[in-house]
Amino acid sequence: MSNDRDEEKRRRVYAYERMLERLNELMRSSEPQGLKEALDGVKKRAVELGELTREEAENISDFVRRDIQDAAQYVASSDKDYRTWLQMDLQLIENWIWDRFTSVADQTKVELLQFQEAANMPEEYHTGEIAGPGSLSCLNCGKEIHFSQTGHIPPCPSCHHSRFIRTARKAPDS
36 MSNDRDEEKR
46 RRVYAYERML
56 ERLNELMRSS
66 EPQGLKEALD
76 GVKKRAVELG
86 ELTREEAENI
96 SDFVRRDIQD
106 AAQYVASSDK
116 DYRTWLQMDL
126 QLIENWIWDR
136 FTSVADQTKV
146 ELLQFQEAAN
156 MPEEYHTGEI
166 AGPGSLSCLN
176 CGKEIHFSQT
186 GHIPPCPSCH
196 HSRFIRTARK
206 APDS
């Protein structure tokens, strides 16, 4: 039973990464389109190929959208880059996912600037959802959890609560 659950988690993480890869390819190779339209296309493709059910594709595309918008919002509203948002060295991140993630997030930054008021509210992350590389902070106790790669969000290791927000590395004092 536990093996089935672990396999399902791995399948969903792979689907997140594959969706991000397809999104990057689509946004680089076709006429300019918004994140929503591009995500709709890759979501449909995953269902057509039988990789995901419609509901799974919807959920995973929501996770991809949330992570991309969060990164683009951070970069658009600061003088920092994606490494700061991810709160880790690039060496910890697989190059292929880094390239795809930042490419899509760069394109999404323009969209976010057009919808600044909606993007100012940090989006919540919840236990059981999938998140891309970076750090999350527990909304209950402030404990940070770090992801060096895409994965499922666990309960807070300190207080076991399930609500988080994305956090960015504080720049060292110079």
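Numbered according to this note's numbering, the sequence shown spans residues 36 to 209.
Just so it is clear, CB atoms sit at the ideal spot from N, CA and C, and this is done for glycine as well.
Query                                                                                             : Result
Delimiting residues of the beta strand (DSSP E) encompassing S172                                 : 169–173
As assigned by DSSP and simplified to three states, the class of G186                             : strand
Counted within 10 angstroms of its Cβ, other Cβ atoms place T88 as buried (16 or more) or exposed : exposed
Euclidean distance between Cα positions of N59 and K44                                            : 23 Å
Pair within 7 Å by beta-carbon distance, Y49 and I165                                             : no
Residue burial classification, D105 (beta-carbon count within 10 angstroms, cutoff 16)            : buried
Closest Cα partner of E42 within the set D102, H187, R80                                          : H187
E159, DSSP secondary structure in three states                                                    : strand
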